[in-house]
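This report refers to the structure that appears directly beneath it.
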Amino acid sequence: MRKMRREIEEILRKMEDKHNLNKNVLSQIYDEEANVVFMGKRRNILKRVRRIAIQARRRKSETAETGA
Amino acid sequence: MRLQKLVLNNFKPFYGRQMIDFSTEERRPLILIRANNDVGKTTMFDAVKFCLYGAPPRIDTVSYINRTVRKEGEGRTFVTLIFYHGGKHYQITRSIDFSQSNGETVAERVKLDARVEGVPQVLEMINEQNEFIEAILPEDASQFFFFDGENIQKYTKHPPRKHIKDAIEMVLGIRELLNAKEDLDRIQRNLGHELDHLLRKKARQKEAAEEVESLANEVDNLESSINELDGRTKQAEKTLAECDKELSKYSAIREKINQRKQLEQQRDQLLEQINSNKDEQREFNRHLAALLLAPLIRKLSEVREVSIPHWKRVTLSMLLQDPRNVCVCRRPITPKIKEMFEKTLDKAIERSPLQYLGEKTDELFNEAPVDTLEKEFYARIAQLRDFESNLTSVKGAIKKLSEEIGGRKDLDIAATSVEKTRARAVEQIECFEKEKKQKEIQFAVKRREHDREQRKLALEESDIEVTDKREHLESCQACNEAMEAAIDALVEKSKRKVEELASKVFMKLTNAPDLYEGIQITPEYELKIVTKGGAIRPVWDQAPSSGASQVIATSFIAALNRYTAREAPVIIDTPASRLDPIHKANVVRFYPEIASQVIILYHPGELDEKDFRPIENYISSEWLLKRNPENRDATIILRTS
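Residue numbers (my numbering), protein chains in the order written: chain V, 4 to 71; chain D, 8 to 648.
Here it is in structure tokens:
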């Protein structure tokens, strides 16, 4: 884990809640991008991030459940 | 990262192999490298960056090869950096093989050779090489470790540019988040385009549906037109058949009429013949008396055969009585002739009315012999009978035909009318068929078009897909916004720390610490000076001189350097050329604090021994770059202390 990872994780988690996103969505994107930065796996990154991003928002029912 | 050695081989002005030792002693982090301008100071700075990160884009690598060695033909230029990082020994060499072709130097691709603890690393792909180097010191962050004192003023320029935010973002090491933001932007753009495309498609789809409907209508119209044409054709064919039937009737009647005409002609001929026969008969009737008297005349003829005419009797009597016995013809009358005369005279009787009648009939008979007349008579009678019989049969036939023909006097007019109708019907049929063919072609074309459009329509995205796409876009937008907010939050959080660190450094470096309280980074990422009176002023307003700006920028860079918390050397090129003596002294005094290894590349005009005196206890080694007296194109490295 990178030095700032914990700090970044916390902020990402907060933003996920604030923007009504599914849990770990931003972390997943972060991990994909980290693979690119540190492992050079640029291939298909857009596809992978897109897949995560388009399913990022919590459904209304999920929101209601979470709220409840 | 702690530098040990830098080896330069035929790199720019460094001809042959040149080496500089960067190792430092405990609590002596400074290495001073002095050089006049255009000797190789900046080249050494560039050599470190080249060794780690390769040649910048659009740089001709031939320019890295020493000019003297280029003339010697083939060879190799390389830079080797030896250092410790994370407790391991690293040796990185970046090399360029070159050769001569047509009198020009041709450089091959730059190669990287990396060894960790003496073990060669397999780094064939550029990605692998970048990954390897990024793990040591990311190129983005290297600008806060390897910097040109004259170039750092960009952070104090007005209006504020993205430099401050970019610098903080880079120093935070949040490349992953920045890349994520960039990728999410791209994905969002793509999704936006896709949604636009879908919406346009939907609009087109609506138009297409209308078009399909109109095509369907056209197809229906064409179909009904064809059916109508079929009906009209059938009607015309029916008319044609009726006409043909009518005309066939007419042709039969016409035949009968012709027959009747012929018979009438025949009848007329017969009548003429009968008349002629009758005329002839009337003429013949003249002979009718003779004919009627023929039996009597025949009887009379028998009688007349035995009698002689009166004159003959008289003559005979006279001749018999004549003693001369000479005939009127002067021939002698022999007893035999006399006897014959006498016999004839004996037989002769006196001429009677009957004899007269006989004579008359003879005349008649002379004109027309009875036998011939009789034959002729019977022949005429028979001929007349034949004529009359033929006439009767012809009349009968005429009557029969007339009955069959009936009273169709306007037959030809009617037939002509029917023929006209027929011709019109034929024309109509041809016209209808032609039209039908055209309509059928149109129908086929429209039908195909309609089917194609309908198939396409069936394949078109539904509203659900538009909704889905919209949701995807919104989700991506939310994600992007969240990521941006996360970056902002991180930067904001770091900004305070950077501000704090920069203020501390600034207070050490400034020539007027009694006037200032520190540096502030505004929400717009502009560097501002906080004065003792609490006033906050932009750097360009408060410290417009380049020296003051350089001090503020150095404070900011130093803060970022510290904030990265990376163990890396600081290499400063031309650190104090624009600084006044107080700033210079402050900056020089600050150098030992900036990092655990500080390499200062300076020229004699900006710093001298006096300037370094306050920090002489922090200097590990001093080096001098100078031109080789034997080769003015080559620079040599000399250790001075």
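Even glycine gets a Cβ: it sits at the ideal position worked out from N, Cα and C.
Exercise for the section: Out of D/S648, D/D640, D/R289, state which residue places its alpha-carbon closest to the alpha-carbon of D/D45. Expected result: D/D640
Exercise for the section: Kindly indicate the opening and closing residues of the alpha helix (DSSP H) around D/Q150. Expected result: From DSSP, D/Q150 is part of no alpha helix (DSSP H); its letter is neither H nor E.
Exercise for the section: Would you mind stating whether D/I103 and D/Y71 have Cβ atoms separated by less than 8 Å? Expected result: yes
Exercise for the section: Determine, using beta carbons only, whether D/K188 and D/N487 come nearer to each other than 8 Å. Expected result: yes
Exercise for the section: Given a cut-off of 8 Å, decide if D/R634 and D/T642 are closer than it, judged by their beta-carbon atoms. Expected result: yes
Exercise for the section: Could you pull the start and end residues of the beta strand (DSSP E) that D/R9 belongs to? Expected result: 9 to 18
Problem - Collapsed DSSP secondary structure at D/R35 in the structure displayed - result: strand
Practice task
Could you check how far apart the C-beta atoms of V/I11 and V/Y33 are, in whole angstroms? I think they sit under 8 Å.
Solution key: 7 Å
Handout entry: Backbone CA spacing between D/K241 and D/K252 [nearest angstrom]
Key = 16 Å
Problem - Supposed close pair D/L10, D/Q604 - CB separation, criterion 8 Å - result: 6 Å
Practice task
Kindly confirm or deny that the region 48 to 67 of chain D and the region 81 to 95 of chain D touch, where touching means at least three C-beta pairs closer than 8 Å.
Solution key: yes
Problem - chain D contacts made by the region 12 to 33 of chain V, where a contact means CB separation under 8 Å - result: I14, L15, K17, M18, E19, K21, H22, N23, L24, V28, L29, I32, Y33
Exercise for the section: May I ask you to report which of helix, strand or coil DSSP gives D/S106? Expected result: strand
Exercise for the section: With distances taken Cα to Cα, identify the nearest neighbour of D/E472 among D/H204, D/V123, D/I626, D/V117. Expected result: D/H204
Exercise for the section: Can you grab the Cα-Cα spacing for the pair V/R9 / D/K500, in whole Å? Expected result: 14 Å
Practice task
On a CA-only basis, which of D/E244, D/L254, D/L391 is nearest D/K285? Give me that one, please.
Solution key: D/L391
Problem - Where the beta strand (DSSP E) through D/N638 begins and ends - result: 638 to 646
Handout entry: Collapsed DSSP secondary structure at D/S30 in the structure displayed
Key = coil
Problem - Spatial distance of D/I66 from D/Y570 (CA atoms) - result: 32 Å
Exercise for the section: Within 10 angstroms of the Cβ of D/S106, are there 16 or more other Cβ atoms? Answer buried if so, exposed if not. Expected result: exposed
Handout entry: Length of the line joining the Cα atoms of D/E357 and D/H317
Key = Unreliable placement is indicated for D/E357, whose pLDDT of 49 sits below 50; the coordinate value is still reported in the next sentence. Spanning the two alpha carbons is a distance of roughly 7 Å.
Exercise for the section: Buried or exposed for D/Y97, please, with buried defined as at least 16 other CB atoms from any protein chain shown within 10 angstroms of its CB. Expected result: buried
Problem - Environment of D/S283 [buried if 16+ CB atoms lie within 10 Å] - result: exposed
Handout entry: Reduced DSSP secondary structure (H/G/I, E/B, other) of D/Q136
Key = helix
Exercise for the section: Can you grab the Cα-Cα spacing for the pair D/L567 / D/L608, in whole Å? Expected result: 21 Å
Practice task
For D/E440, collect the residues of the same chain with a Cβ closer than 7 Å to its Cβ; drop the 5 residues on either side in sequence, then sort them by chain order.
Solution key: T240
Exercise for the section: Assign D/N635 to one of three DSSP states: helix, strand, or coil. Expected result: strand
Practice task
Below 7 Å CB to CB, which residues in the same chain sit around D/T31 once its five sequence neighbours on both sides are set aside?
Solution key: I38, Q604, S627
Practice task
Check the Cβ-Cβ distances between D/D192 and every residue of chain V, and say whether any is below 8 Å.
Solution key: no
Exercise for the section: To the nearest angstrom, report how far apart D/K697 and D/N292 are at their CA atoms. Expected result: The structure shown does not extend to residue 697 of chain D, since chain D is modelled only from 8 to 648, so the question has no answer here.
Exercise for the section: Leaving aside the five residues before and after D/K95 along the sequence, list all residues of the same chain whose C-beta is less than 7 Å from its C-beta, in chain order. Expected result: V123, E124
Exercise for the section: Tell whether a beta-carbon distance below 8 Å holds between D/A560 and D/P576. Expected result: no
Practice task
Take D/F450 and list the residues in its own chain whose beta-carbon comes closer than 7 Å to its own, dropping the five residues that flank it on each side.
Solution key: V226, L229, E230, I233
Handout entry: Per-residue contacts from D/M8 into chain V (C-beta, under 7 Å)
Key = In chain order: nothing, as chain V lies at least about 15 Å away.
Practice task
Determine whether the Cβ of D/E472 lies closer than 8 Å to any Cβ atom of chain V.
Solution key: no
Handout entry: Nearest-angstrom Cβ-Cβ length linking D/Q527 and D/Q195, presumed shorter than 8 Å
Key = So it is not a contact: roughly 34 Å between Cβ atoms.
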